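> Start counting the sequence shown at 473; every next residue gets the next number (the working numbering).
Virtual Cβ for every residue (Gly too), placed ideally from N, Cα, C.
Please read these numbers as outputs of a predicted model, since none were measured by experiment.
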Amino acid sequence: MMRGVRFTVGARVARPLRRVRSAGVAAGAVTVLWVTATALGQPGAPGDVAAAAARAAHGSAAVHDRARAAAEAARPPRRTAALQDGNVPYDGRFTFARIRFRTAFGMRFGGLNAEGQPPWEHDFPRAERNFLKILEELTLIRPHEEGHNVFTTDDPELSRFPVAYLSEPGFWVPTEEEVEGLSDYLRKGGFMIADDFRGRDWFNFEDQMRRVIPEGRFVQLDGSEPIFDAFFRIEDLHNLASPYGVEPIYLGLYEDNDPAKRLMVIANYNNDIGEYWEFSDVGYFPIDLSNEAYKLGVNYIVYALTH
Numbered sequence: 473m474m475r476g477v478r479f480t481v482g483a484r485v486a487r488p489l490r491r492v493r494s495a496g497v498a499a500g501a502v503t504v505l506w507v508t509a510t511a512l513g514q515p516g517a518p519g520d521v522a523a524a525a526a527r528a529a530h531g532s533a534a535v536h537d538r539a540r541a542a543a544e545a546a547r548p549p550r551r552t553a554a555l556q557d558g559n560v561p562y563d564g565r566f567t568f569a570r571i572r573f574r575t576a577f578g579m580r581f582g583g584l585n586a587e588g589q590p591p592w593e594h595d596f597p598r599a600e601r602n603f604l605k606i607l608e609e610l611t612l613i614r615p616h617e618e619g620h621n622v623f624t625t626d627d628p629e630l631s632r633f634p635v636a637y638l639s640e641p642g643f644w645v646p647t648e649e650e651v652e653g654l655s656d657y658l659r660k661g662g663f664m665i666a667d668d669f670r671g672r673d674w675f676n677f678e679d680q681m682r683r684v685i686p687e688g689r690f691v692q693l694d695g696s697e698p699i700f701d702a703f704f705r706i707e708d709l710h711n712l713a714s715p716y717g718v719e720p721i722y723l724g725l726y727e728d729n730d731p732a733k734r735l736m737v738i739a740n741y742n743n744d745i746g747e748y749w750e751f752s753d754v755g756y757f758p759i760d761l762s763n764e765a766y767k768l769g770v771n772y773i774v775y776a777l778t779h
């Protein structure tokens, strides 16, 4: 484990001598997906998650959006590389993969951001590009730093990548084929990270995940789980404040609902780690917060590749 490390995008740092083996779906590639959750293994929205959903529905989204708009104006324009450049051919190396999906008609105007990006594309591609630089600097994983893949979950190619990243699952409404594909992916060893959602977004995500893993129940994580000690020791889950101005909650879905078995899905509810990654090189957020977001991301990947 590592403690007290400071790092920013572009910084050269000593690489810890920690060798990572890929395990699960395939060797050496990554997809990240972040998921909301069914709290504490009960139907509906009990406990902290239900209360957080109610509070976050009236949270500080307007303030956050204005600040984000100012940061967007201060940086060079980005382009949708996945749509223009195509996916990186599989060669066994670690490759960041993001899940693409269509939203249901009428869902909050489709979730388009100020740049016209659909929900699955938020923070793309800067978030993964910045994150992969950190991953390469700090671990012995050698990723495609400029490469990143985008898949629908019914694409059989997704099975080559052991981690999958989902942005804005509050807008996620998979087709029956996508539900079946994601179910197979997770049951065969894939790992999913769900990110960038808050408030009532959780209820949609819970509904969709019940289609994917009908028997699955999310449980709230407290920081003692192995994923929070996979590379960095995360001492306190409250070290990373949410950009939404609400309390973040982390939830997990275990294989067979057994905490002694593999964690299949982690959900960063009321949080947006990809946002910290995206803006870490322009000074939008304090360095310490960006570092905490990177620590979580590195831990997620190392855990997925070793379990």
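With distance defined between alpha-carbon atoms, name the residue in Leu761, Arg565, Gly619 nearest to Asn711.
Leu761
> Quick check: the Cα distance between Ala732 and Arg689, rounded to an integer number of angstroms?
14 Å
> May I have the straight-line CA-CA distance separating Glu618 from Gly558, to the nearest angstrom?
12 Å
> Going along the chain, which unbroken runs of the alpha helix (DSSP H) with 4 or more residues stay wholly within the region 612-700?
648-659, 673-684
> How far does the alpha helix (DSSP H) with Tyr726 in it reach, from first residue to last?
Membership of Tyr726 in any alpha helix (DSSP H) is not indicated; the residue belongs instead to the beta strand (DSSP E) covering 721-726.
> Pairing CB atoms from the region 628-638 with CB atoms from the region 606-617, are three or more of them under 8 Å?
The region 628-638, when compared against the region 606-617, does not touch it at the 8 Å Cβ threshold.
> Find the nearest neighbour of Asn621 within the set Phe566, Glu727, Asp730, judged by alpha-carbon distance.
Phe566
> Report the three-state DSSP secondary structure of Asp703 (helix, strand or coil).
A small fix is needed here, since residue 703 is Phe in this sequence, not Asp. Residue state, collapsed to three classes: coil.
> Mapping DSSP to helix, strand and coil, what is Asn742?
coil
> Are the CB atoms of Met736 and Tyr748 within a distance shorter than 8 Å?
no
> Considering Ala732, what are the terminal residues of the alpha helix (DSSP H) in which it resides?
For Ala732, no alpha helix (DSSP H) segment is defined, and its DSSP state is neither H nor E.
> Would you call Lys605 buried or exposed, if buried means 16 or more other Cβ atoms sit within 10 Å of its Cβ?
buried
> Starting from Val603, follow the alpha helix (DSSP H) in both directions and report where the run begins and ends.
According to the sequence displayed, residue 603 carries Phe and not Val. Phe603 -> alpha helix (DSSP H) spans 598-610.
> Does the Cβ-Cβ distance between Trp644 and Asn676 come in under 8 Å?
yes
> Ala569 lies in the beta strand (DSSP E); which residues open and close that run?
566-571
> In the DSSP assignment, the alpha helix (DSSP H) including Gly769 goes from what residue to what residue?
759-778
> Do you know how far the Cα of Asn740 is from the Cα of Ala713?
Taking the straight line from one Cα to the other gives about 12 Å.
> Starting from the Cα of Glu650, find the closest Cα among Arg632, Phe669, Asp627, Val560 and give me that residue.
Asp627
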